[in-house]
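In my numbering, the protein residues as written are 498 to 922.
We treat Cβ as the ideally placed atom computed from N, Cα and C, and that holds for glycine.
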Ligand code: GLY
Ligand code: MN
Ligand code: MN
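Next up, the structure:
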């Protein structure tokens with residue numbers, strides 16, 4: 498984390514450059530979220546806040562003063578009594594040294610001090626509606642400090658837009674974290690492939706995958722794990738994971754680990770009994786060829802939209818070859834006939850959020866994205882019986898390079914013979 502915290506200093510300098518000498522930026526830590534009564538979800542820091550601080554506690558606010566070029570962290574102070582119950586805190590006195598801040602104050606003093614922090618600035622950079630209580634504590638003094646009548650857009654600016662552009666291009670430490678998240682995620686997939694047997698329950702596979710994540714040091718999955726047997730794979734966000742895995746079905750698993758808040762996001766599809774049927778194999782081959790063709794197209798300068806177009810064309814041609822569609826390729830593409838079988842995009846950016854921020858424009862070096870074509874054949878009467886309910890997604894994570902991309906999820910097997918050999922072992 499030390500390298501990461503050093504990068505946070507550089508990132509804050511970049512934000513200070515962007516907000517200018519008359520700007521001030523305020524950003525909050527995520528609150529703790531209650532699961533029931535007095536029980537809380539595992540704490541997950543706000544991604545933007547973590548990106549600028551590396552600080553992993555709730556009840557904290559970062560203020561960036563463009564005039565003085567200072568980073569000020571408000572955080573919980575040490576409290577030996579509370580720490581007996583809830584765990585250690587960094588505390589105000591340690592915050593400057595540990596997180597390389599210029600100043601730190603007790604969050605209890607936030608209301609009293611914020612007006613002084615805002616004073617003398619012309620623009621407040623802010624991400625609104627994340628915390629109503631803190632919004633009031635910041636916006637009330639901010640508007641009351643204004644001597645002239647201003648429109649809110651003249652004096653409030655969107656900090657999110659600045660951070661979105663910065664977060665889109667990953668630095669070396671972020672790439673390390675993403676590679677580690679992917680490595681652990683791949684280990685989870687291998688564990689599932691080795692363990693699955695007909696009549697196991699989907700949640701048992703989920704348990705084994707999460708166990709592999711923990712074994713390799715991840716403390717959380719990056720999102721709710723999808724373990725979808727048979728036609729459950731055709732429900733795109735299936736997280737129930739409560740069905741029995743049937744002999745002869747394909748299991749589509751979408752599972753990713755989180756490493757220091759950076760997400761892995763891998764999907765693999767494999768036969769519950771270890772052997773694909775000819776129909777499953779045929780659909781799998783179309784999706785795999787598409788996955789590879791799109792990966793081959795990823796490099797700096799390519800329009801993001803182009804990647805999706807490649808997937809639409811390849812999958813439509815595949816559906817024609819499988820006789821699940823008929824007609825001319827061009828007409829089918831025009832009518833978007835593939836939508837019945839392929840209803841999501843080719844992928845998304847990946848980073849602190851699994852669906853990471855960023856504008857989808859021309860690719861640049863060190864952007865990180867998923868490539869995840871899929872075919873989801875509905876269980877409907879007009880579909881030949883052998884294809885009904887087959888859902889295949891093959892999802893890799895890639896880093897954009899100048900002339901190609903790095904597929905850093907390659908540890909998770911995706912060739913048919915690799916998968917069948919691993920499952921037979
Ligand atoms: N796991 C979420 C997604 O693939 O987009
Ligand atoms: Mn994804
Ligand atoms: Mn996924």
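With contacts defined as CB atoms closer than 9 Å, residue 777 and residue 747 qualify as a contacting pair. Relative to the Cα of residue 763, the nearest Cα in the group 629, 525, 803 and 710 belongs to 710. Between residue 849 and residue 867 the beta-carbon gap is near 14 Å, outside 8 Å, which marks them as no contact. Beta-carbon to beta-carbon, residue 621 and residue 523 are separated by about 7 Å, close enough to satisfy the 8 Å threshold. At least 9 Å separates the beta-carbon of residue 851 from that of residue 735. With respect to the C-alpha of residue 876, the residue from 732, 629, 504 and 535 having the closest C-alpha is 732. Per DSSP, residue 914 is one residue of the alpha helix (DSSP H) stretching across 913-921. Given a length threshold of 3 residues, each whole run of the beta strand (DSSP E) inside the segment 846-913 is given here in chain order: 865-868, 871-873, 888-890, 893-897 and 902-904. Following the DSSP letters along the chain, one finds residue 690 inside the alpha helix (DSSP H) bounded by residues 669-692.
Residue environment: residue 647 is assigned as exposed (fewer than 16 neighbouring CB atoms within 10 Å of its CB, all protein chains considered). Residue 723 is bridged by DSSP to 751. Going by beta carbons, residue 754 and residue 685 fall inside the 9 Å limit. Between residue 568 and residue 509, the beta carbon gap of about 5 Å places them in contact (Cβ cut-off 8 Å).
When C-alpha distances from residue 838 are compared across 810, 856, 864 and 857, the shortest belongs to 810. Straight-line measurement puts the Cα of residue 517 at about 16 Å from the Cα of residue 650. Distances from the CB of residue 851 to the heavy atoms of ligand 1 include at least one below 8 Å.
Residue 755 has its CB no nearer than 8 Å to any heavy atom of ligand 2. A direct Cα-Cα distance of roughly 11 Å separates residue 885 from residue 780. When rounded, the separation of the alpha-carbon atoms in residue 803 and residue 828 is 19 Å.
Rounded to the nearest angstrom, the gap between the Cα atoms of residue 766 and residue 716 is 25 Å. Taking C-alpha positions only, residue 857 is separated from residue 600 by approximately 37 Å. In the DSSP annotation of this structure, the continuous segment of the beta strand (DSSP E) that includes residue 560 starts and ends at 558-562. Our two residues, residue 854 and residue 574, have alpha carbons roughly 32 Å apart in a direct line.
Take the alpha-carbon of residue 873 and the one of residue 865: they are about 26 Å apart. Here the alpha carbon of residue 507 sits roughly 13 Å from the alpha carbon of residue 561.
Among the bridge pairs identified by DSSP, residue 654 is matched with 622.
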